[in-house]
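What follows is a set of notes on a single structure, which appears directly below.
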Amino acid sequence: MSPPPPRQPPITNAHTTTTTTATTLPDLFIKALSICFLFSSSSCSSKPHPFKLPFLTFPSNPRRFLQIPTMSLPSQTPKTNLHAFTNPQSLSEWLKPRLPSDSLASWGVKPGTKNVHNLWLELAEGETSLADSTPPIRTVQVLTVRIIDENNRVLIETHQELSDGSLRNRHRPLSEKMKPNEEPESAVHRAVREELGSILKGSANESIVKIVPGSYRNRVEERNSASYPGLPACYVLHSVDAVVEGLPDGEFCTEELGEEYGDCDETKAVADEAVSVKKHFWKWVSADSIKS
Numbered sequence: 001m002s003p004p005p006p007r008q009p010p011i012t013n014a015h016t017t018t019t020t021t022a023t024t025l026p027d028l029f030i031k032a033l034s035i036c037f038l039f040s041s042s043s044c045s046s047k048p049h050p051f052k053l054p055f056l057t058f059p060s061n062p063r064r065f066l067q068i069p070t071m072s073l074p075s076q077t078p079k080t081n082l083h084a085f086t087n088p089q090s091l092s093e094w095l096k097p098r099l100p101s102d103s104l105a106s107w108g109v110k111p112g113t114k115n116v117h118n119l120w121l122e123l124a125e126g127e128t129s130l131a132d133s134t135p136p137i138r139t140v141q142v143l144t145v146r147i148i149d150e151n152n153r154v155l156i157e158t159h160q161e162l163s164d165g166s167l168r169n170r171h172r173p174l175s176e177k178m179k180p181n182e183e184p185e186s187a188v189h190r191a192v193r194e195e196l197g198s199i200l201k202g203s204a205n206e207s208i209v210k211i212v213p214g215s216y217r218n219r220v221e222e223r224n225s226a227s228y229p230g231l232p233a234c235y236v237l238h239s240v241d242a243v244v245e246g247l248p249d250g251e252f253c254t255e256e257l258g259e260e261y262g263d264c265d266e267t268k269a270v271a272d273e274a275v276s277v278k279k280h281f282w283k284w285v286s287a288d289s290i291k292s
């Protein structure tokens with residue numbers, strides 16, 4: 001009986017061995033990076049670690065990194081080319097693909113709202129700007145005048161009667177859109193003259209309108225527009241306190257004075273189709289019953 005043959009070493013596959021070794025390298029590399037990142041971000045270290053991993057850093061402003069859309073401030077909001085809207089119809093065609101159809105259809109139909117003619121006039125007069133976005137963002141400068149009396153009461157406008165016969169609730173102090181490059185002090189006298197002038201016999205000079213020193217405030221407020229449903233708005237609000245002599249002590253009503261959108265032939269023709277304010281209704285309330 002012959003002796004058994006000597007044991008042969010196991011046959012190895014060089015390709016398999018190399019591949020197996022190669023597949024472990026990424027794991028080791030990732031573990032090494034994890035250890036480096038752990039030590040570099042440890043809050044227990046009193047000194048910053050000199051080793052940095054740029055590809056593992058994150059932006060300090062995640063909103064910018066993720067490009068989450070926000071409503072920008074007026075100076076940052078891209079404006080449309082106002083000259084492109086030669087008439088209200090061209091503005092309407094521009095708005096249709098950018099607004100919900102039911103929202104645009106309600107303009108001037110839903111009680112208390114305005115129509116596309118109003119928005120076109122605001123753009124033509126420079127009172128409003130639109131961001132070229134979907135939906136567009138309407139930016140408008142608004143002046144609020146808190147008229148106070150000797151009893152520390154504030155005059156508020158309860159509601160308005162519009163040219164289409166509808167009523168629009170207000171419950172806010174005297175407010176007026178500002179004209180382009182108009183200073184708040186000038187806007188105060190114009191607002192008082194246009195909205196309260198019928199009971200003050202058209203006068204709104206410094207002898208009866210006195211702005212309270214140091215009362216000027218401003219802020220930016222973003223909300224959906226009540227006049228144009230579905231259209232977001234950015235309101236740049238300017239407010240002052242003022243004393244106006246000659247106003248009635250109880251509730252009263254005034255008529256709108258002056259042309260709201262100028263008197264040139266082009267705007268006057270469109271203004272006839274717009275919804276305008278005919279009467280303002282006012283009452284005095286305690287100062288702590290309204291928002292500052």
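Using UniProt numbering, read the sequence shown as starting at 1 and increasing by one per residue. Ideal Cβ placement from N, Cα and C applies to all residues, glycine included. Everything numeric in this text was worked out from a predicted model, so none of it was measured.
Item	Value
LEU237 and ARG223 closer than 7 Å at C-beta	no
Residues near SER92 by beta carbon distance below 6 Å, same chain, minus five either side	VAL116
CB contact check: ALA84 to chain B, cutoff 7 Å	No chain B appears in the structure shown, which is made up of a single protein chain.
Alpha-carbon to alpha-carbon, GLY126 and ASN181	9 Å
Cβ-based neighbour list, THR113, same chain, cut-off 8 Å, excluding 5 preceding and 5 following	SER106, TRP107, ALA226, SER227, TYR228, PRO229, VAL275
Euclidean distance between Cα positions of THR86 and VAL270	11 Å
Under the three-state DSSP convention, the category LYS96 falls into	helix
Nearest neighbour of ILE199, chosen from ALA287, GLU161, PHE281 [CA to CA]	PHE281
Span of the alpha helix (DSSP H), counted from its first residue to its last, around ASP102	101-106
N-terminal and C-terminal residue of the beta strand (DSSP E) that GLU222 is part of	217-224
Own chain partners of CYS253 with C-beta closer than 8 Å, once the 5 adjacent residues on each side are dropped	LYS279, HIS280, PHE281, TRP282
Rounded straight-line distance, which links the Cα of ASP241 to that of CYS192	Per the sequence shown, residue 192 should be read as Val rather than Cys. C-alpha separation (whole angstroms): 12 Å.
Spatially closest choice to TRP284 from VAL244, GLN141, GLU255, GLU273, by CA coordinates	VAL244
Proximity to LEU99 [Cα-Cα], best of THR128, ARG138, ASN118	ARG138
Per DSSP, cross-strand counterpart(s) of ARG190	Partner(s): none; ARG190 has no beta bridge.
DSSP-derived helix/strand/coil call for SER289	helix
Continuous alpha helix (DSSP H) stretch holding ALA124: start and end	116-125
Proximity of GLU176 and LEU130 at Cβ, strictly below 7 Å	no
Buried versus exposed call for GLU195 [16 or more other C-beta atoms within 10 Å across all chains shown]	buried
Residue(s) in a DSSP beta bridge with ASN152	None, per the DSSP bridge assignment.
Sheet register partners of ILE147 (DSSP bridge)	ALA242
Closest by C-alpha distance to LEU95, when choosing among VAL109, THR134, ASN118, THR128	THR134
Rounded separation between HIS171 and LEU247 - CA only	18 Å
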